[in-house]
Structures are given as C-alpha cells and as structure tokens.
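Report on the following structure.
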Amino acid sequence: MLRRRGDILSLLNSKHITKKVVLLGDSAVGKTSLVRKYVIDVFDDKYLATIGTKVLKKEIEYKLPTRTIFLTLMIWDILGQKDYKSVRTSGLRGADAAILVGDLTRPETISSISEFWYPEVESLEGDVPKIVIGNKLDLVSDIEQARSALQLVASEVDGPFFLCSAKTGENVERAFLSVAELLIGKASEEAEEKLDDKTLTLTRALDYIMSDFCDQLSDLGKGMESLEKVFTKAKVDISSPTKESLFEVIELLSEIEKDRLGREVAEVNKLRRWKMLEELEHPG
Numbered sequence: 002m003l004r005r006r007g008d009i010l011s012l013l014n015s016k017h018i019t020k021k022v023v024l025l026g027d028s029a030v031g032k033t034s035l036v037r038k039y040v041i042d043v044f045d046d047k048y049l050a051t052i053g054t055k056v057l058k059k060e061i062e063y064k065l066p067t068r069t070i071f072l073t074l075m076i077w078d079i080l081g082q083k084d085y086k087s088v089r090t091s092g093l094r095g096a097d098a099a100i101l102v103g104d105l106t107r108p109e110t111i112s113s114i115s116e117f118w119y120p121e122v123e124s125l126e127g128d129v130p131k132i133v134i135g136n137k138l139d140l141v142s143d144i145e146q147a148r149s150a151l152q153l154v155a156s157e158v159d160g161p162f163f164l165c166s167a168k169t170g171e172n173v174e175r176a177f178l179s180v181a182e183l184l185i186g187k188a189s190e191e192a193e194e195k196l197d198d199k200t201l202t203l204t205r206a207l208d209y210i211m212s213d214f215c216d217q218l219s220d221l222g223k224g225m226e227s228l229e230k231v232f233t234k235a236k237v238d239i240s241s242p243t244k245e246s247l248f249e250v251i252e253l254l255s256e257i258e259k260d261r262l263g264r265e266v267a268e269v270n271k272l273r274r275w276k277m278l279e280e281l282e283h284p285g
C-alpha cells in the first residue's frame with residue numbers, strides 16, 4: 002500500500018508499459034539460448050528445436066530525469082522452421098518490436114534475415130522497431146568479416162546490429178536493452194501525439210484515457226469491451242463528456258485494473274489520470 006507522499010509523487014510521474022517482442026531467425030541460430038541468457042542468465046549448448054512459440058518475461062526499470070518507466074518485455078521465441086507459416090503468423094501478430102537473429106558461423110542464416118524474416122515482419126506488422134543479432138561470436142575466427150556481413154544486412158533492415166554470444170554473454174544484455182530503448186522512445190512519441198497539453202480538452206482527455214487503458218491491458222478488444230460497460234455505468238456522452246463523468250470513469254477503470262494488473266499499478270494509473278484532469282482546471 003502506498004503511504005508516503007514522496008512515493009505517490011514518484012509514482013504519479015511513472016509509467017508502466019508492456020510490449021511484445023518477437024525473436025525470429027532460422028533454426029539452430031541460438032534464439033532460445035539468447036533469450037534464456039538475457040532473462041535468467043543461463044546458457045545451455047544442447048540444441049532443442051522450439052515447438053511452436055515460447056514466451057519469457059523481462060521487467061526493466063528506467064529512471065529518467067522527469068519520470069520512471071517500468072517496461073515489461075514479453076519476448077516471444079518464434080519457431081524457426083520456415084514451413085510452419087500459420088504457427089509463425091499467429092505468433093507474430095501484435096508484435097511491437099522484432100529481434101532478427103542469425104548464426105555468424107552460417108552465412109546463409111545471416112542472409113535469411115533480410116531475404117525472409119525481415120519481409121515477414123514487414124508484411125504482417127509494418128514498420129516496428131527492429132534490431133539484428135549475429136549470434137555465436139565465440140566461434141568466429143574472423144570478427145571483422147562477420148561484422149561487415151551483419152552490418153550489410155542491418156542496413157537493409159534499417160536497424161542497429163550486435164555481435165553476440167549467448168554462451169559468454171557478450172553483448173546480449175546490450176542488444177536486448179537497445180530494443181527496450183527503441184520501444185520507450187516510440188511510446189513517448191506516441192504519447193506526445195495523443196496528448197498535447199496546449200490543446201487539451203475534455204474530449205482529448207477522454208481519448209487519452211481510453212487509449213491508455215487499452216495500452217495497459219495490452220488487448221484492444223477486451224479494453225474496448227470494458228470501456229463500453231464503464232461508459233454506460235458512468236453515463237458518459239462521448240460527444241460532450243463532463244469532468245465529473247471522467248472522474249467516475251477513472252474510478253471504474255481503476256477497479257478493473259486492480260483485478261487484471263494488481264493494486265499498485267491500478268493506483269498509479271488512477272493518480273496519473275486524476276492529475277491530468279486536475280490540470281484542466283489549473284493550466285500552466
């Protein structure tokens with residue numbers, strides 16, 4: 002339970018973000034080893050083909066000058082067998098970012114990034130942030146040659162690249178953190194577009210609350226279902242909302258978030274939305 006004023010003020014300026022990251026690449030390039038090394042710091046050199054899709058979660062806290070961001074990465078390790086298109090497509094849906102992996106000791110898997118995996122992501126999810134990883138650096142004798150090959154592919158993908166070793170851990174955390182930073186940057190840009198304080202109105206405030214609620218749930222469909230019920234209960238006229246009805250909406254959404262996201266996250270979200278509405282009364 003939050004008690005101290007300092008805690009509340011700190012959390013008011015915090016944001017919780019959950020993002021889906023897909024890990025893609027040919028079979029046996031070491032995708033599973035990379036994500037296991039990053040999330041639980043374990044390396045296993047026994048090759049095991051991933052069946053379907055596996056998901057691991059990593060929570061990151063970013064302390065910025067004006068706020069703290071709590072980012073949850075849901076990392077989807079996608080089946081590398083190219084023939085299983087339906088399973089792969091299902092796993093790719095809704096991706097916020099992609100990590101494209103190749104094996105530095107097998108040049109064909111590096112080429113496959115730009116020839117197969119990159120077009121696959123673009124066709125399904127469009128222009129999401131992407132990075133390129135060349136794995137198994139510990140087995141490479143000519144590092145400069147490997148770097149040049151990976152850099153060429155990364156230029157086609159238009160994303161940063163990293164030479165990594167899941168076995169030694171070299172550059173693994175750095176690569177995954179770069180994805181996190183790209184996602185935070187994109188989320189900040191989207192938030193600024195959604196909510197411009199200089200032109201804030203009750204309608205724009207409601208639009209922001211709706212969008213923010215769906216983002217928190219990471220499920221647009223269920224989020225909109227809940228919003229429809231909440232609006233009916235709070236008697237919200239979306240064409241001309243009142244401040245009183247928006248405060249009631251915030252309370253009702255907080256109750257939903259307590260069940261789905263936990264009490265502390267729900268409290269933070271409620272206070273942040275309250276603060277935004279209060280600023281309508283006292284701009285500047």
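In terms of our numbering, the sequence shown is numbered consecutively and its last residue is 285.
All C-beta atoms in this analysis are idealised placements derived from N, C-alpha and C, irrespective of residue type, glycine included.
Residue i classed as buried or exposed, judged by whether at least 16 other C-beta atoms fall within 10 angstroms
| i | result |
| --- | --- |
| Thr204 | exposed |
| Val56 | exposed |
| Asp260 | exposed |
| Pro108 | exposed |
| Met211 | buried |
| Glu87 | It is Ser, not Glu, that sits at residue 87 in the sequence shown. The residue is exposed, with fewer than 16 neighbouring Cβ atoms inside 10 Å. |
| Gly103 | buried |
| Gly31 | buried |
| Leu254 | buried |
| Ser91 | exposed |
| Glu229 | exposed |
| Leu153 | exposed |
| Pro242 | buried |
| Gly160 | buried |
| Ser149 | exposed |
Cβ-Cβ distance between residue i and residue j below 8 Å
| i | j | result |
| --- | --- | --- |
| Lys131 | Val158 | yes |
| Leu138 | Ile76 | no |
| Cys165 | Ala176 | yes |
| Val180 | Val22 | yes |
| Glu258 | Gln217 | yes |
| Ile70 | Lys16 | yes |
| Gly135 | Gly81 | no |
| Leu272 | Leu184 | no |
| Leu278 | Phe248 | yes |
| Ala206 | Leu281 | yes |
| Tyr119 | Leu93 | no |
Span of the alpha helix (DSSP H) around residue i
| i | result |
| --- | --- |
| Asp260 | Lys244 to Leu262 |
| Pro232 | In the sequence on display, residue 232 carries Phe and not Pro. Leu221 to Ala235 is the extent of the alpha helix (DSSP H) around Phe232. |
| Ile114 | From DSSP, Ile114 is part of no alpha helix (DSSP H); its letter is neither H nor E. |
| Tyr39 | Lys32 to Ile41 |
| Glu60 | It is not in any alpha helix (DSSP H) - Glu60 instead sits in the beta strand (DSSP E) that spans Thr54 to Lys64. |
| Ala206 | Leu203 to Leu218 |
| Gly92 | Lys86 to Leu93 |
Below-8 Å beta-carbon distance, residue i vs any chain C residue
| i | result |
| --- | --- |
| Val173 | Included in the structure is just one protein chain, with no chain C present. |
Terminal residues of the beta strand (DSSP E) in which residue i lies
| i | result |
| --- | --- |
| Leu80 | Run containing Leu80: none; DSSP gives neither H nor E here. |
| Val133 | Lys131 to Asn136 |
| Gly103 | Ala98 to Asp104 |
CB-CB length for residue i against residue j, believed under 8 Å
| i | j | result |
| --- | --- | --- |
| Gly170 | Lys38 | 6 Å |
| Ala98 | Val129 | 5 Å |
| field | Runs of beta strand (DSSP E) lying entirely within the region 118–188, each at least 3 residues, in chain order | value | 131–136 and 162–164
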